[in-house]
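Chemist:
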Amino acid sequence: MLPASLSRLRSLFRLPASHTDRTHLAAATLRLPQPLALALACATLAASFAAAPAAYAQPEGARIPTVNVTTVLPPTVMAGLERAHVPLSSVSVVIEKVGDRQPSVAVNAGQPMMPASTMKLVTTWSGLAMLGPDYRWKTSAYTDGEVDASGTLHGNLYIKGTGDPKLVPEELIDLVQKIRAAGVARIDGALVLDKSEFDPSTRDLPSFDGDDSAPYNVGPDPLMYAFKSVSFTFSPSRQGVSIDVVPPVAQWQIDNQIRERAGACGGMLPSPQVSPGGNGVVTASFAGSYAMRCGERTLNMAAPVDHSTFFADGFLALWQQTGSSLFATPAGAVREGVVPPRARLLAVHQSPPLSDVVHDINKFSNNVMARNLFLTLGAVEGKPPATTAKAASAVNTFLRRSGLNMPELVLDNGCGLSREEHISALSLANLLQNANASPVAQVFIDSLPIVGVDGTMRNRLTNAGVEGNAHIKTGTLRDVRAIAGYVAAENGESWIVVSLINDPRAEAARAAHDALLEWVYKGMPEEKPVYVEPHPKRAAKESKVAKATHKAPARRRGAH
1 MLPASLSRLR
11 SLFRLPASHT
21 DRTHLAAATL
31 RLPQPLALAL
41 ACATLAASFA
51 AAPAAYAQPE
61 GARIPTVNVT
71 TVLPPTVMAG
81 LERAHVPLSS
91 VSVVIEKVGD
101 RQPSVAVNAG
111 QPMMPASTMK
121 LVTTWSGLAM
131 LGPDYRWKTS
141 AYTDGEVDAS
151 GTLHGNLYIK
161 GTGDPKLVPE
171 ELIDLVQKIR
181 AAGVARIDGA
191 LVLDKSEFDP
201 STRDLPSFDG
211 DDSAPYNVGP
221 DPLMYAFKSV
231 SFTFSPSRQG
241 VSIDVVPPVA
251 QWQIDNQIRE
261 RAGACGGMLP
271 SPQVSPGGNG
281 VVTASFAGSY
291 AMRCGERTLN
301 MAAPVDHSTF
311 FADGFLALWQ
321 QTGSSLFATP
331 AGAVREGVVP
341 PRARLLAVHQ
351 SPPLSDVVHD
361 INKFSNNVMA
371 RNLFLTLGAV
381 EGKPPATTAK
391 AASAVNTFLR
401 RSGLNMPELV
411 LDNGCGLSRE
421 EHISALSLAN
431 LLQNANASPV
441 AQVFIDSLPI
451 VGVDGTMRNR
461 LTNAGVEGNA
471 HIKTGTLRDV
481 RAIAGYVAAE
491 NGESWIVVSL
501 INDPRAEAAR
511 AAHDALLEWV
521 YKGMPEEKPV
531 YVEPHPKRAA
541 KESKVAKATH
551 KAPARRRGAH
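In full-length UniProt numbering, the protein residues as written are 1 to 560.
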């Protein structure tokens with residue numbers, strides 16, 4: 001059962017918001033906790049930063065958010081940073097009441113930071129506000145031929161995509177059935193894939209971290225079938241280990257050489273060697289052993305073929321499920337092309353509404369869905385083919401028109417899987433204030449993971465007071481950890497919390513973020529000092545230094 005306070009989340013985040021411009025905060029008067037007994041992390045921070053690269057940033061000339069404040073983070077948060085060996089200079093924090101754009105806490109607030117997946121907040125709110133929650137992508141079928149009495153289409157079948165981020169088998173089958181309902185049983189021409197909605201420069205890009213097999217590295221595409229990812233499920237039994245593949249893909253063969261064994265379950269799952277063969281056949285070969293005690297387990301990976309091949313294999317598999325092969329002859333071909341002006345429309349499939357897509361993007365931090373949405377903004381607001389530059393321009397224009405001045409904002413792919421994308425904690429807080437006051441507020445807030453309940457926050461703070469009382473988007477990259485969203489405090493107040501950490505040790509700082517969320521939930525009270533014992537290696541080093549200087553090692557009392 002969810003905490004009772006979860007039911008009031010809907011009513012806490014729609015307060016009137018001031019639209020006062022906050023791109024400059026100088027010597028701001030803050031509502032801070034009473035002075036702490038322990039002098040932790042008091043810092044007077046003033047920062048002005050050079051404008052971001054013009055290609056993906058807002059135009060030069062706009063003022064950079066500047067913060068000149070004194071603030072204190074609680075001992076529990078500072079202890080988390082100390083244990084992770086993360087200095088305060090690597091951390092940005094903004095905390096402010098919903099509807100009140102004056103921060104209560106601001107640390108390095110205007111500093112451009114890599115946001116990781118919290119950048120999805122920019123893309124998803126912009127998408128909801130620009131396109132509307134009911135926006136739907138269309139995937140359409142055309143032909144330049146005629147269908148005879150036997151159901152044979154004498155001509156080509158064209159499939160035109162517009163970037164549907166959720167074209168999974170359960171959705172694509174709708175288009176297949178509609179084409180069949182139009183009288184087409186088979187074709188004696190080619191299956192032509194029209195991918196002109198996105199510019200070729202957006203396709204087949206290098207993976208972010210060199211791991212081409214990782215599903216999170218799949219790039220965008222106008223005809224993206226099932227996130228271009230496959231799941232291999234291993235099921236041991238007395239007859240051996242069976243392997244099932246999802247989604248359905250035609251011309252894929254499984255070469256299963258896995259041996260069943262006794263003993264404990266351990267080690268990595270068997271990974272396939274995938275090799276394309278003649279006539280479009282793809283063979284996934286598995287070898288090695290698999291323990292009975294492992295039970296059923298699943299390996300997820302990016303399909304090692306291009307988007308066009310994967311879409312075609314999925315389309316052909318679904319067509320076969322409806323009763324027959326698509327091609328009238330074995331020589332049937334698949335190629336890319338553009339729908340000719342004389343072609344006639346056969347069928348149209350509409351995607352789930354954008355509200356559903358945004359829910360999946362933010363709850364589960366789906367990168368490729370966010371990238372498709374980002375490019376869609378470039379295609380809709382400008383003209384196809386979409387490019388990342390067009391998409392960034394569309395988002396920047398929308399943000400400026402919404403009164404959001406973010407000169408440090410740099411957009412690359414819209415999902416945060418980038419070392420180029422930057423934003424400040426102050427700008428993210430501004431965006432969350434605007435989003436909360438917008439007509440799409442409820443859809444947007446509901447898409448964010450609920451602490452301790454679902455999405456990427458499901459397993460965090462499950463026994464804390466903030467469980468079920470905050471909607472928080474997370475972000476994680478190597479050297480980056482981020483949180484941003486809304487907290488419903490136990491005293492009935494609603495708060496916006498943003499914290500971005502950019503540091504080689506950021507991964508170890510999760511406890512600091514968890515402590516920050518719990519502190520805000522409790523009303524940001526004054527806390528007792530937290531003593532952090534040094535790591536054994538550091539303690540030994542300090543002891544040696546102390547002996548050399550004839551001084552006792554100081555007891556560590558948090559980071560500053």
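Idealized CB from N, CA, C, for every residue including glycine. Predicted model, so just to flag it, every value in this text is computed and none were measured.
#1: Mind checking G452: buried by the 16 CB within 10 Å criterion, or exposed?
#2: Skipping 5 residues on each side, what residues in its chain have a beta carbon closer than 6 Å to that of E296?
#3: What does the Cβ neighbour count give for F364, buried or exposed, with the cut at 16 atoms within 10 Å?
#4: With three or more C-beta pairs closer than 8 Å as the rule, is the region 474-489 touching the region 114-132?
#5: Among all the DSSP beta bridges, which residues are the ones paired with V409?
#6: Taking one C-beta from the region 283-299 and one from the region 259-266 each time, how about it: are there three or more such pairs within less than 8 Å?
#7: Suppose the cutoff is 8 Å on Cβ atoms and the five residues either side in sequence are ignored; what does the same chain contact list for M369 look like?
#8: Please state whether DSSP places T462 in a helix, a strand or coil.
#9: In terms of residues, what are the limits of the alpha helix (DSSP H) holding F444?
#10: Below 7 Å CB to CB, which residues in the same chain sit around L431 once its five sequence neighbours on both sides are set aside?
#11: Is E420 helix, strand or coil by DSSP?
#12: Give me the DSSP bridge partner(s) of F232.
#13: Rounded to whole angstroms, what is the Cα-Cα separation between E82 and V532?
#14: Here's a check: name, in chain order, each residue in its chain whose Cβ is nearer than 8 Å to the Cβ of K97, leaving out the five neighbours to either side.
#15: In whole angstroms, what separates the C-alpha of Q350 from that of P133?
#16: Return the chain-ordered list of same chain residues with a C-beta closer than 8 Å to the C-beta of P353, the five sequence neighbours on each side being excluded.
#17: Verify whether the separation of the beta carbon atoms of A425 and L411 is less than 7 Å.
#18: Going by DSSP, name the residue or residues bridged to G263.
#19: Taking contact to mean at least 3 C-beta pairs separated by less than 8 Å, is the region 274-286 in contact with the region 188-205?
#20: Specify, as a first and last residue, the run of the beta strand (DSSP E) that T329 falls within.
#21: Work out the CA separation of V487 and N434 for me, nearest whole Å.
#22: Cutting at 8 Å between CB atoms, please list the residues of its own chain near Q251, excluding the five before and the five after it.
#23: Taking the straight line between their C-alpha atoms, what separation do you get for A190 and I501?
#24: Starting from F286 and walking both ways along the beta strand (DSSP E), at which residues does that stretch end?
#25: Using DSSP bridges, identify the partner residues of L157.
#26: Just to check my reading of the structure: F286 and Q257 have Cβ atoms closer than 8 Å, yes? What is that Cβ distance to the nearest angstrom?
#27: Classify R335 as buried or exposed, calling it buried when 16 or more other Cβ atoms lie within 10 Å of its own Cβ.
#28: Would the beta-carbon of F327 fall within 7 Å of that of Y225?
#29: Kindly provide the ranges of any beta strand (DSSP E) runs that are 3 or more residues long and lie completely inside the region 323-387, ordered along the chain.
#30: Run the CB neighbour count on H513, radius 10 Å, all protein chains shown included, and call it buried at 16 or more, exposed below.
#31: What first and last residue would you give for the alpha helix (DSSP H) that runs through Y521?
#32: Just checking: is the beta-carbon of S196 within a distance shorter than 7 Å of some beta-carbon in chain D?
#33: Whose C-beta lies closer than 8 Å to the C-beta of P248 among residues of the same chain, with five residues either side of it excluded?
#34: Can the beta-carbon of residue 563 be found less than 7 Å from the beta-carbon of S289?
#35: When DSSP builds the beta bridges, which residues end up paired with E96?
#36: Give the straight-line distance between the Cα atoms of P385 and L373, rounded to the nearest whole angstrom.
Modeler: This is what the structure holds:
#1: buried
#2: Within the same chain, E296 has close Cβ partners S235.
#3: exposed
#4: These segments touch.
#5: The sequence as given places Leu at residue 409; Val does not occur at that position. Its beta-bridge partners do not exist; DSSP assigns none.
#6: yes
#7: P165, K166, F227, V357, D360, I361
#8: coil
#9: 441-446
#10: L121, V122, W125, L404
#11: Note: E420 maps to coil in three-state DSSP.
#12: V245, L299
#13: 7 Å
#14: Contacts found: S104, E493, S494, W495, I496.
#15: 14 Å
#16: Scanning its chain for C-beta atoms nearer than 8 Å, with the 5 sequence neighbours on each side dropped, one finds around P353 the residues P133, D134, Y135, R136, in chain order.
#17: no
#18: Secondary-structure assignment with DSSP links G263 through no beta bridge to anything.
#19: Result no; under three Cβ-Cβ pairs closer than 8 Å.
#20: Annotation for T329: no beta strand (DSSP E) segment contains it, and DSSP assigns it neither H nor E.
#21: As the crow flies, the alpha-carbon of N434 is around 16 Å from that of V487.
#22: N279, G280, V281, V282, D313, L316
#23: 52 Å
#24: First-last of the beta strand (DSSP E) with F286: 282-286.
#25: T143, L191
#26: 6 Å
#27: exposed
#28: no
#29: 334-336, 344-350
#30: The residue in question, H513, is buried, as its Cβ has 16 or more Cβ neighbours within 10 Å.
#31: It spans 510-521 - the alpha helix (DSSP H) in which Y521 sits, taken as one unbroken run.
#32: As a matter of chain content, chain D is missing from the structure shown, which is built from one protein chain.
#33: P169, G314, A317, L318, Q321
#34: Residue 563 lies beyond the residue range present for the chain, which begins at 1 and ends at 560; the question has no answer from this structure.
#35: Looking at the DSSP assignment, E96 forms a beta bridge with I496.
#36: 14 Å
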